[in-house]
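Trainee: I am attaching a structure below and will ask some questions about it afterwards.
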Ligand code: SF4
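Numbering (the working numbering), first residue to last: 1167 to 1530.
This is the structure we're talking about:
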């Protein structure tokens, strides 16, 4: 809600449909208008109540007095030669977040953020260097999807969503789950949870909670190392929730038929890319319905690691395949547009907006 002179205004972007129905009824409107409003916001992409033209003019005027509709604003948009597009978005309080469109993975994918910054401090991640600034609201998480679907003219197209942008989604549990319910609503985007993947470092209590959710996304675990010793250096939260406990939780996780858990593994030259690391990883994942996504590091200034050679990457993948694991190697994407998570913002903090724009304009 935001304060105004004659009372608070409720943000339509923050309301699940049942809550919107209640809010409408409490103000003397008919409950069914919630379905119309949902269709306008999520299917037709309006960001202003006055554009909801199947509502009477009088009703729209009243709605505009009682409600606001907050939408993130595009600050920068940059397209890579490989089709990846990175968006820098400004929120209502001026904070900035990143969202990425990845065109062929194999379908279209939006990578969205769940926090401004991140508290997890993974050693290879620029967002982690920012620390946690604040959680995003559900409306801000869904707002990224609204903005990208509009900017990319994809409202009528199928796309996937990965919660792999800035932030740890399970560290912002309630707003993330609320966002998933809004995305799932049949009168809105009607996104099947099967088209949404939540990526986590493995916050165990939240992972156990997730296992009981009615709207449950696909699960990806950011593993990055096969042992506690090494993972503790790369992903500090591992000191609290260790590798064995995470794998045990994954074995208990109620997967849908034919679903598997994705294990993400950022390959860092000379750190976690040895043949022994590959064998240990294969042993660790035996008995887990899994697939492994190897992610050669997107090297960037400020990240103290290097990308392994293609030969090392291929060998690592081959060992996993020899152990009957399903493995894919993520293509390097958007290297020319600083697609490493948090890169636009961390670099931008050192520059004025004009300098940011100049850098972006000349980067390709
Ligand atoms: S990799 Fe993910 S969880 Fe780790 S610091 Fe970066 S954003 Fe946070």
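Just so it is clear, CB atoms sit at the ideal spot from N, CA and C, and this is done for glycine as well.
Only a predicted model underlies this, so the values are computations on that prediction, with no experimental measurement involved.
1) At 4 residues or longer, what runs of the alpha helix (DSSP H) sit wholly inside the segment 1401-1477?
2) Using 8 Å as the cut-off, can you tell me whether the segment 1433-1440 makes contact with the segment 1245-1258, which would need three or more C-beta pairs spanning the two stretches below that distance?
3) Let me make sure I understand the geometry here. Which of 1321, 1300, 1294 has the alpha-carbon closest to that of residue 1282?
4) DSSP three-state label for residue 1186, please.
5) Under DSSP, the beta strand (DSSP E) around residue 1245 begins and ends at which residues?
6) With distance defined between alpha-carbon atoms, name the residue in 1355, 1327, 1279, 1315 nearest to residue 1183.
7) In chain order, what are the residue ranges of uninterrupted beta strand (DSSP E) at least 3 long that sit wholly in the segment 1287-1372?
8) What would DSSP say about residue 1224, mapped onto helix, strand or coil?
9) Can you tell me whether DSSP reads residue 1265 as helix, strand or coil?
10) So, are the CB atoms of residue 1216 and residue 1230 less than 8 Å apart?
11) Apart from the five residues just before and just after residue 1381, which ones in its own chain have a Cβ nearer than 6 Å to its Cβ?
12) In terms of residue numbering, what span does the beta strand (DSSP E) encompassing residue 1256 cover?
13) Please classify residue 1270: does DSSP put it in a helix, a strand, or coil?
14) From the DSSP output, which residues share a beta bridge with residue 1385?
15) Identify, in the order they occur along the chain, each residue of the same chain with its Cβ nearer than 7 Å to the Cβ of residue 1419, setting aside the five sequence neighbours on each side.
16) How many Å lie between residue 1446 and residue 1484 at the Cα?
17) Is residue 1214 helix, strand or coil by DSSP?
18) Looking at the secondary structure, which residues open and close the alpha helix (DSSP H) in which residue 1202 lies?
19) Under the DSSP definition of a beta bridge, which residues are partnered with residue 1494?
20) Should residue 1428 be listed as close to the ligand SF4, given that the test is whether its C-beta is under 7 Å from any heavy atom?
21) Please report the Cβ distance between residue 1487 and residue 1493, rounded to the nearest whole angstrom; I am assuming they are in contact, meaning their Cβ atoms lie under 8 Å.
22) Less than 7 Å between the CB of residue 1342 and some heavy atom of the ligand SF4, yes or no?
23) By the DSSP assignment, the beta strand (DSSP E) with residue 1283 in it spans what residues?
24) What did DSSP end up calling residue 1177 once you bin it into helix, strand or coil?
25) So does residue 1117 have its beta carbon nearer than 7 Å to some heavy atom of the ligand SF4?
26) So which of 1398, 1463, 1399, 1331 has the shortest CA-CA distance to residue 1366?
27) Can we count residue 1334 as close to the ligand SF4, meaning its CB is less than 7 Å from some heavy atom?
28) Which residue marks the beginning of the beta strand (DSSP E) containing residue 1275, and which one marks its end?
29) How about residue 1296 and residue 1334: do their beta carbons lie closer than 8 Å?
30) Count the other C-beta atoms from every protein chain shown that fall within 10 angstroms of the C-beta of residue 1191, then say buried if there are 16 or more, exposed otherwise.
31) By the 10 Å Cβ neighbour count, where 16 or more other Cβ atoms means buried, how is residue 1395 classified, buried or exposed?
32) Once the 5 residues before and after residue 1180 are set aside, which same chain residues still bring their CB inside 7 Å of it?
33) For the putative contact between residue 1266 and residue 1277, defined by C-beta atoms under 8 Å, what is the C-beta separation to the nearest angstrom?
34) Please confirm whether residue 1491 and residue 1458 have their CB atoms less than 8 Å apart.
Mentor: The answer reads as follows:
1) Counting whole runs of 4 or more residues, the segment 1401-1477 contains the alpha helix (DSSP H) stretches 1409-1418, 1441-1451.
2) Flag = no, the segment 1433-1440 and the segment 1245-1258 do not touch.
3) Here residue 1282 refers to the residue found at position 116 of the chain shown. Shortest Cα-Cα distance from residue 1282 to any of 1321, 1300, 1294 involves 1300.
4) Taking the first residue of the chain shown as position 1, residue 1186 is located at position 20. For residue 1186, the three-state secondary structure derived from DSSP is helix.
5) Indexing the chain shown from 1 puts residue 1245 at position 79. Segment 1239-1245, the beta strand (DSSP E) holding residue 1245.
6) Residue mapping note: residue 1183 aligns to position 17 of the chain shown, counting from 1. Taking only the C-alpha atoms, the option nearest residue 1183 is 1355.
7) Runs of the beta strand (DSSP E) inside the segment 1287-1372: 1298-1301, 1326-1329, 1362-1366.
8) Numbered from its first residue, the chain shown carries residue 1224 at position 58. Per DSSP, reduced to three states, the secondary structure at residue 1224 is helical.
9) Counted from its first residue, the chain shown places residue 1265 at position 99. In the structure shown, residue 1265 sits in a strand (DSSP, three-state: E or B).
10) For the purposes of this step, residue 1216 is taken as the residue at position 50 of the chain shown. For the purposes of this step, residue 1230 is taken as the residue at position 64 of the chain shown. Closer than 8 Å, so yes.
11) The residue labelled residue 1381 in the question sits at position 215 within the chain shown. 1346, 1347, 1350, 1359.
12) Sequence index remark: in the chain shown, residue 1256 carries index 90 (1-based). Residue 1256: member of the beta strand (DSSP E) spanning 1251-1256, first to last residue.
13) Working through the chain shown from its first residue, we reach residue 1270 at position 104. Three-state DSSP puts residue 1270 in coil, outside helix and strand.
14) One-based indexing of the chain shown puts residue 1385 at position 219. BP columns for residue 1385 point to 1364.
15) Numbered from 1 along the chain shown, position 253 holds the residue referred to as residue 1419. The answer, listed in chain order, is 1377, 1385, 1427.
16) The count along the chain shown starts at 1 and reaches residue 1446 at position 280. The count along the chain shown starts at 1 and reaches residue 1484 at position 318. Taking the CA atoms as reference points, residue 1446 sits about 14 Å from residue 1484.
17) Position 48 of the chain shown, counted from the start, is the residue given in the question as residue 1214. Reduced to three states, the DSSP call for residue 1214 is coil.
18) The residue given as residue 1202 occupies position 36 in the chain shown. Here the alpha helix (DSSP H) through residue 1202 covers 1199-1204.
19) By one-based count along the chain shown, residue 1494 stands at place 328. Answer is 1459, bridged to residue 1494.
20) The residue you call residue 1428 lines up with position 262 of the chain shown. Flag unset: Cβ of residue 1428 not near the ligand SF4.
21) As a first step, residue 1487 is located in the chain shown; it is residue number 321 there, counting from the start. As a first step, residue 1493 is located in the chain shown; it is residue number 327 there, counting from the start. Indeed, because the Cβ distance is near 6 Å, the residues count as touching under 8 Å.
22) Along the chain shown, one-based indexing puts residue 1342 at 176. Checking every heavy atom of the ligand SF4 against the Cβ of residue 1342, none is found closer than 7 Å.
23) If you number the chain shown from 1, residue 1283 lands on position 117. Annotation for residue 1283: the continuous beta strand (DSSP E) segment containing it runs 1281-1283.
24) Taking the first residue of the chain shown as 1, we reach residue 1177 at position 11. The answer is strand: DSSP assigns residue 1177 an E or B state.
25) This structure cannot speak to residue 1117, because the chain is shown only from 1167 to 1530.
26) Here residue 1366 corresponds to residue number 200 of the chain shown, with the count starting at 1. 1331 is the residue among 1398, 1463, 1399, 1331 whose C-alpha sits nearest the C-alpha of residue 1366.
27) The residue you call residue 1334 lines up with position 168 of the chain shown. Answer for residue 1334: yes, Cβ within range of the ligand SF4.
28) For this step, residue 1275 is matched to residue 109 along the chain shown. Segment 1275-1277, the beta strand (DSSP E) holding residue 1275.
29) Against the chain shown, residue 1296 aligns to sequence position 130. Against the chain shown, residue 1334 aligns to sequence position 168. Their beta carbons are not under 8 Å apart, which means residue 1296 does not touch residue 1334 by this criterion.
30) As a first step, residue 1191 is located in the chain shown; it is residue number 25 there, counting from the start. By the neighbour-count rule (16 or more Cβ atoms within 10 Å), residue 1191 is not buried but exposed.
31) Position 229 of the chain shown, counted from the start, is the residue given in the question as residue 1395. Exposed, by the Cβ-count rule.
32) Taking the first residue of the chain shown as 1, we reach residue 1180 at position 14. Counting only Cβ-Cβ distances below 7 Å, and skipping sequence neighbours, we find 1303, 1304, 1305.
33) As a position in the chain shown, residue 1266 is number 100, starting the count at 1. As a position in the chain shown, residue 1277 is number 111, starting the count at 1. The C-beta separation of residue 1266 from residue 1277 comes to about 4 Å, placing the pair in contact by the 8 Å criterion.
34) Against the chain shown, residue 1491 aligns to sequence position 325. Against the chain shown, residue 1458 aligns to sequence position 292. Cβ atoms of residue 1491 and residue 1458: closer than 8 Å.
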